[in-house]
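Residue numbers (this note's numbering), protein chains in the order written: chain C, 1486 to 1866; chain R, 342 to 532. I have placed the structure first, in the form of structure tokens, so that the comments after it can refer back to it.
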Amino acid sequence: MRVTWDIFCSVVDNYGDIGVTWRLARQLVAEHECAVRLWVDDLAAFARVCPQADAQALVQWQAGVEVRHWPQPWQACEPAAVVIEAFACSLPGAYVEAMAAKAVRPLWLNLEYLSAEDWVGGCHGLPSLQPGGLQKFFFFPGFTAATGGLLREAALLAERCAFQADAAAQAAFLASLGVERLAGAQLVSLFAYENGALAEWLSLLSEGAVPTQLLVPEGRVLADVQAWLGVGPLQAGAQHRRGALQVQVLPFVEQAAYDRLLWSCELNLVRGEDSFVRAQWAGRPMLWHIYPQEEGAHWDKLEAFLAHYCASLSPQAASALRAAWHAWNAGSALAQAWPAVQAVWPELLAHAEQWCELQAARPDLARRLEQFYRNWLSYAA
Amino acid sequence: MKTAQEMKPNSVALIDGQPWLIQKAEFTKSGRNSAIVKMKLKNLLNGSKTETVYKADDKMEPVILERKEVNLSYISGDDYVFMDPEYNSYELRAEDLESVLPFIEEGMTDVCEAVFFEGKVISVDLPTTIVRQITYTENSARGDTSGKVMKTAKLSNGTEVKVADFCNIDDWIEIDTRDGSYKGRTQAPQA
């Protein structure tokens, strides 16, 4: 009998929350034979990351996952054996009461956002004592053995390697997006929040000796691209050339296609959490636009990741990378920092693959969640 | 009800019918992660200890505790003996004083509060601000007088605190016991 899981996702903004939970739900079904219900309060957001979904359906099956609209007010249902509140969303009170009323109480997990900060290892897996005999634990994704790891499907890296070794497959994929690779051009993907550093950087690329083909999936950064180009509203399919820079707008693609886009590019600019992790599995240099917070609370998180990521880089490469990431996240002076990045490019390229291998050597997040449940069962017995 | 963030060390929360002494509470907020409080708890009925995490806005049921003014009488190994104005003495183990232990030292004159649960002393609170003497610190290397450059200083019980670079050996300093932070240089306390 398959273990039942309920994953609750409250979409705060953008597509990171739903992107991560949808990916996790699919993997638990496909690789761990779990029966997963994904409760989503914003089905329109879900339909963006899963285009075949019906944004109006209260219940639907997608990739073996039972996707349910999270109703307001809550309607009673039998809780699963494992319950995940993703990103500290609050479970419906009646659902928590139903959990406490079960003869065999469920394992209750709060799946947190990804962070490389040191305190995460000290909090991962700790209980949070609850009334009603319920056992709740905090589960933190992360980059060290002391954390819950990263989402990574079992076959992901093998698929990536095969794809990156197959020029025809890459060309066919890009063609499916309407992209024809320009001879001799470096391919760059751009997925970011609004960013004041973009215009100067695009100008630098447009004046570069090496041509650049910039692929921009629809999203928040498009307005900045449009302003730099000095054109009207940009839509998927739009192409503009400025000197050595060719800009092409892509549709918002579903997760598997986005992976292939990352695998196709020499450099990926990513944002938030989900695309940030996927860029690491691409094994290519990246530039992360972290989710900005009031009072600069995100800077500690950025520094913590850089401390891990840069640890095995040469001082010169680490300095260049840090300067570029700081500039990009500060929204200024990326163009000034970029030549130093280009000077150490071969090292950054090799390092991106080494980092990917280092992270892939650890169990992935879905496996660790499933193992956590098994351990909890053993302990309870 | 109080939020987890409002529950301070040496307070007691009733969780699932059990009284838990909060021995330590660390607040963390970063990036998009929810603000959390990591706590060290001691069960006052069976003595078991656990580390836990709560969302900062999780609700907790505080237990009203009896408190009484006490002074440190003496320290004997891991035993700390306090005395109230009626000369009743209360003995606590070092492990019961976790959150305040770094600032307890022989001869201290701070008026503390012993905390009682069902008539039994369970811990001691220090005043929010205490005055301590630096027993060792390196000389100021840069001659900074702004108070923004910090260095490490040692107290008589070995506790290390970050102090302003201009502080010297034998200087008296004010410390905030809630987070162990240096507040400023001051005069020696009146005998």
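We put the beta carbon where it would ideally sit given N, CA and C, even for glycine. Note that the coordinates shown come from a computational prediction; the quantities given were computed from them, not determined experimentally.
Beta-carbon neighbours of residue i, restricted to chain C and to distances below 9 Å
i, result
"R/Lys343", "In chain order: nothing, as chain C lies at least about 15 Å away."
"R/Ser375", "Phe1572, Ala1573, Asn1595, Glu1597, Tyr1598"
Cross-chain neighbours of residue i in chain C, by beta carbon under 7 Å
i, result
"R/Ser440", "The contacting residues do not exist; R/Ser440 stays about 17 Å from chain C at best."
"R/Lys365", "Ordered by position in chain C, no residue passes the 7 Å Cβ test against R/Lys365, which lies about 12 Å from the chain."
"R/Lys370", "Ala1782"
Residue range of the alpha helix (DSSP H) that includes residue i
i, result
"C/Ser1760", "1759-1767"
"C/Pro1702", "Note, C/Pro1702: premise wrong, no alpha helix (DSSP H); beta strand (DSSP E) at 1697-1702."
"C/Ser1749", "1740-1749"
"C/Ser1863", "1850-1865"
"R/Glu402", "No alpha helix (DSSP H) contains R/Glu402, which is instead part of the beta strand (DSSP E) from 400-404."
"R/Thr518", "Premise fails: R/Thr518 is in no alpha helix (DSSP H) and is neither H nor E."
"C/Ala1812", "1800-1815"
"C/Val1514", "1501-1517"
"C/Trp1840", "1830-1845"
"C/Phe1658", "1652-1661"
Contacts of residue i in chain C (Cβ-Cβ under 8 Å)
i, result
"R/Asp357", "Leu1614, Gln1615, Pro1616, Gly1617, Gly1618"
"R/Ser352", "What R/Ser352 touches in chain C: nothing, since even the nearest Cβ is about 15 Å away."
DSSP bridge partner residues for residue i (one or two, in chain order)
i, result
"R/Cys453", "R/Val411"
"R/Ser389", "Paired residues: none, contrary to the question."
"C/His1554", "C/Val1525"
"R/Tyr477", "R/Lys495"
"C/Leu1690", "In the DSSP output, where bridge partners are listed per residue, C/Leu1690 has none listed."
"C/Val1605", "Paired residues: none, contrary to the question."
"R/Pro443", "Answer is none; R/Pro443 lacks a bridge partner."
"C/Leu1672", "C/Gln1698"
"C/Met1771", "C/Asn1753"
"R/Ile471", "R/Ile516"
"C/Ser1600", "Its beta-bridge partners do not exist; DSSP assigns none."
"R/Lys461", "R/Phe458"
Buried versus exposed call for residue i [16 or more other C-beta atoms within 10 Å across all chains shown]
i, result
"R/Phe368", "exposed"
"R/Ile377", "buried"
"R/Met342", "exposed"
"C/Ser1495", "buried"
"R/Asp525", "The question names Asp, but residue 525 of chain R is Gly in the sequence shown. The residue in question, R/Gly525, is exposed, as its Cβ has fewer than 16 Cβ neighbours within 10 Å."
"C/Cys1646", "exposed"
"C/Arg1487", "exposed"
"R/Val452", "exposed"
"C/Pro1626", "buried"
"C/Leu1730", "buried"
"C/Val1762", "buried"
"R/Asn480", "exposed"
"C/Glu1602", "buried"
"R/Arg519", "exposed"
"C/Trp1490", "buried"
"C/Pro1800", "exposed"
"C/Glu1780", "exposed"
"C/Ala1767", "buried"
"C/Trp1546", "exposed"
Under 7 Å from the C-beta of residue i: neighbouring residues of chain R
i, result
"C/Glu1602", "Ser371"
Residue range of the beta strand (DSSP E) that includes residue i
i, result
"R/Tyr523", "522-527"
"C/Ala1571", "1567-1571"
"C/Leu1642", "Here C/Leu1642 belongs to no beta strand (DSSP E); instead the alpha helix (DSSP H) covers 1641-1649."
"R/Glu367", "359-369"
"R/Ala345", "Counting along the chain, R/Ala345 falls outside any beta strand (DSSP E), and DSSP gives it neither H nor E."
"C/Cys1574", "Run containing C/Cys1574: none; DSSP gives neither H nor E here."
"C/Trp1490", "1489-1494"
"R/Ala505", "501-505"
"C/Gln1711", "Premise fails: C/Gln1711 lies in the alpha helix (DSSP H), 1707-1714, not in any beta strand (DSSP E)."
"R/Ala354", "353-356"
Interface partners of residue i on chain D, CB under 9 Å
i, result
"C/Cys1646", "Of the protein chains in the structure, C and R, none is chain D."
Chain-ordered neighbours of residue i on chain R, where CB pairs are closer than 8 Å
i, result
"C/Cys1608", "Thr369, Ile377, Lys379, Val394"
"C/Leu1611", "Lys379, Glu392, Thr393, Val394"
* Quick one: which residues of the segment 377-409 of chain R get their C-beta closer than 8 Å to a C-beta of chain C? List them in chain order. => Ile377, Lys379, Leu382, Thr391, Glu392, Thr393, Val394, Tyr395, Lys396, Asp399
* To do: Please name the residues in the segment 1571-1596 of chain C whose beta-carbon is closer than 7 Å to at least one beta-carbon of chain R, in chain order.
  => Against chain R - using a Cβ distance shorter than 7 Å - the residues of the segment 1571-1596 of chain C are Ala1573.
* According to a CB-to-CB cut-off of less than 7 Å, which residues of the segment 1620-1631 of chain C neighbour chain R? -> Phe1623
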